[in-house]
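Residues in the sequence shown are numbered from 2 upward in steps of one, following the numbering used here. Working notes, beginning with the structure itself.
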Amino acid sequence: MAIVNQVQKRTRLNLADIIKYQFWHHCLVNGVKITETEIECLSHLAVLGEFELIPFCDHIVNHEILSNPQSVRNLVVKLQTKNLVLKRKKSRTIYVNPEIKVVIQHPVFLDIKMLSHDPS
């Protein structure tokens, strides 16, 4: 009888997809429900770094992720509630929560090991 059923998967992804994957993984492990649009906005913010809210809203609209700045602001508030985006005090600067530890520069090698331990 096998002690552990081991599966190894290897793949190459472009940097944008690796950034998105890191957010998906973080949210899955921490039980945070997230949409594709939220992941897309988080990925852009991760690449941009600390960014003023209004130019970020314009950036997201220009990339046709959302249709208007108010929708982006609403999404940012939602991401703040989920503790994925933080805002500087007395400033309109937003940034990805550093506790997520998203790597955004080449080369990136993700070595993630997961174990399902169901004692049934």
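Heads up, the beta-carbon is just placed ideally off N, CA and C, and yes, glycines get one too.
Residues bridged to residue i [DSSP beta-bridge criterion]
i	result
residue 96	87
residue 52	95
Residue i vs residue j beta-carbon contact at 8 Å
i	j	result
residue 44	residue 24	yes
residue 80	residue 41	no
residue 97	residue 104	no
residue 77	residue 66	no
residue 46	residue 86	yes
residue 14	residue 107	no
Residue span of the alpha helix (DSSP H) that contains residue i, given as start and end
i	result
residue 80	70-82
residue 31	16-31
Environment of residue i [buried if 16+ CB atoms lie within 10 Å]
i	result
residue 90	exposed
residue 21	buried
Spatial neighbours of residue i in its chain, beta-carbon cut-off 6 Å, leaving aside the 5 residues before and after
i	result
residue 83	33
residue 48	105
residue 88	95
residue 68	none
Residues of its chain near residue i, where Cβ-Cβ distance is below 7 Å and the 5 sequence neighbours each way are ignored
i	result
residue 70	58, 59 and 62
residue 114	none
residue 122	With the chain covering 2 to 121 only, the question about residue 122 has no answer from this structure.
Beta carbon proximity, residue i to chain B, threshold 8 Å
i	result
residue 39	Among the chains of the structure shown, chain B does not appear; only one protein chain is present.
Cβ shell of residue i (< 8 Å), same chain only, five flanking positions each side left out
i	result
residue 1	Absent from the model: residue 1. The displayed extent of the chain is 2 to 121, so no value can be given.
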